[in-house]
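Remarks on the structure that follows.
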Amino acid sequence: MRALLTDALRTLAPPRTDRHGPLPPLMLLLTVATGVVDAVSYLGLGHVFVANMTGNVVFLGFALAGAPGLSAVNSLVSLAAFLAGALVGGRLGSRTAHRGRLLAIATGLQTALTIGAAVTAALADGGADYALIVLLGLGMGLQNAVARRIAVPDLTTTVLTLTLTGIAADSTAAGGAAPRPGRRILSALAMLLGGLAGAALVLHGQLATALALAALLLLATALAAHRVSAPDAHWAPPTT
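Take the sequence shown: its letters are residues 11 to 250, numbered as in the numbering used here.
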């Protein structure tokens with residue numbers, strides 16, 4: 011338990027000498043935002059995911075088989091937008107060597123996309139599902155590509171399958187060394203918190219408010235990343 015709490019604290023408030031500097035808590039903020047956005051897309055945009063492409067591809071298969079309540083078109087639009095966003099994120103990553111600056115730029119772009127989605131949802135009053143799926147899918151594809159480039163262990167911001175597998179498979183009960191237990195649990199809790207907050211808002215008819223919350227989290231991340239990104243920061247170069 012002590013190791014878990016110590017690791018969690020180091021994730022929330024990394025020491026100055028940490029290889030990833032201030033990136034871990036910023037990636038946790040992105041994880042919370044992901045939970046909010048996926049709650050919006052699944053509960054408010056026709057049972058489609060814009061961040062979790064594993065679920066989205068499975069839903070596409072279900073829809074093609076004729077499962078009720080699912081739309082193959084929605085899933086395809088989400089997948090296309092996600093891939094386009096990932097392409098942009100990949101281009102940014104290949105041109106930006108400083109991980110903090112990369113996070114600030116990409117999250118700034120994602121904030122703009124999410125604000126656009128929030129405004130669209132507020133003004134359209136229904137009937138704008140495709141526009142929202144495209145805006146959010148672009149943002150999440152961008153986020154995934156950048157998180158992959160930044161490569162903070164166990165903080166992918168969107169996918170928990172390997173993180174949860176690691177909690178069990180690397181545990182002392184399984185004969186492992188149980189690396190980063192606190193960070194892994196915080197990652198899962200961050201996604202849970204975001205999903206809970208997003209679902210509570212959407213289920214009370216506040217879809218635009220949920221998107222505004224996600225945009226606020228993204229903006230906070232972008233501003234913080236910009237502030238801490240000193241040119242000579244020891245954690246700035248990509249990991250090898």
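Ideal Cβ positions, reconstructed from N, Cα and C, are used throughout, including at glycine. Quantities reported herein were computed from a predicted structural model and do not represent experimental measurements.
Contact with chain C by residue i, beta-carbon distance below 8 Å
| i | result |
| --- | --- |
| aspartate 164 | Looking for chain C here will not work: only one protein chain is present. |
Distance, residue j Cα to residue i Cα
| i | j | result |
| --- | --- | --- |
| isoleucine 143 | valine 156 | 20 Å |
| leucine 226 | alanine 73 | 33 Å |
| alanine 246 | arginine 109 | 5 Å |
| leucine 102 | phenylalanine 92 | 15 Å |
| alanine 75 | glycine 65 | 15 Å |
| glycine 137 | leucine 203 | 28 Å |
| proline 241 | valine 162 | 19 Å |
| histidine 244 | threonine 171 | 30 Å |
| arginine 223 | leucine 206 | A quick correction: the sequence has leucine, not arginine, at residue 223. Distance between the alpha carbons of leucine 223 and leucine 206: 12 Å. |
| alanine 132 | glycine 126 | 10 Å |
| leucine 113 | glycine 71 | 33 Å |
| alanine 302 | isoleucine 177 | Nothing about residue 302 can be reported from this structure: the residues present for the chain run from 11 to 250 only. |
| alanine 232 | threonine 106 | 15 Å |
| serine 104 | arginine 12 | 39 Å |
| arginine 29 | leucine 89 | 34 Å |
| threonine 130 | leucine 19 | 39 Å |
| alanine 77 | threonine 249 | 43 Å |
| arginine 237 | alanine 94 | 28 Å |
| threonine 175 | valine 67 | 21 Å |
| alanine 230 | valine 46 | 15 Å |
| arginine 165 | glycine 31 | The displayed chain sequence assigns leucine, not arginine, to residue 165. Using only the alpha carbons, I get a separation of about 14 Å. |
| arginine 158 | valine 169 | 11 Å |
Own chain, CB closer than 7 Å to residue i, minus 5 neighbours either side, in chain order
| i | result |
| --- | --- |
| leucine 228 | Ala43, Thr117, Gln120, Thr121, Thr124 |
| arginine 111 | Ser239 |
| alanine 235 | Leu36, Gly110, Leu113, Ala114, Thr117 |
CB contact flag (residue i, residue j, <8 Å)
| i | j | result |
| --- | --- | --- |
| arginine 190 | aspartate 17 | yes |
| isoleucine 115 | leucine 33 | no |
| alanine 220 | leucine 211 | yes |
| valine 87 | tyrosine 140 | yes |
| alanine 128 | alanine 218 | yes |
| leucine 196 | threonine 27 | no |
| arginine 194 | threonine 167 | no |
| valine 83 | glycine 208 | no |
| glycine 192 | leucine 53 | no |
Cut-off 6 Å between Cβ atoms - residues of its own chain near residue i, not counting five sequence neighbours on either side
| i | result |
| --- | --- |
| phenylalanine 2 | Absent from the model: residue 2. The displayed extent of the chain is 11 to 250, so no value can be given. |
| alanine 200 | Leu38, Thr41, Val42 |
| glycine 100 | Ala155 |
With 16 other Cβ atoms within 10 Å as the buried cut-off, status of residue i
| i | result |
| --- | --- |
| proline 25 | exposed |
| leucine 55 | buried |
| leucine 152 | buried |
| threonine 215 | Note on residue identity: the sequence assigns glycine, not threonine, to residue 215. Result: exposed. |
| aspartate 135 | exposed |
| leucine 213 | exposed |
Any non-hydrogen atom of the ligand SAM within 7 Å of residue i CB
| i | result |
| --- | --- |
| aspartate 48 | The ligand SAM is not part of the structure shown, which contains no ligands of any sort. |
Cβ neighbours of residue i in the same chain (closer than 8 Å, five flanking residues each side left out)
| i | result |
| --- | --- |
| alanine 23 | Pro35 |
State whether the stretch 58-67 contacts the stretch 136-153, with contact taken as three or more CB pairs (one from each stretch) at a distance under 8 Å.
-> yes
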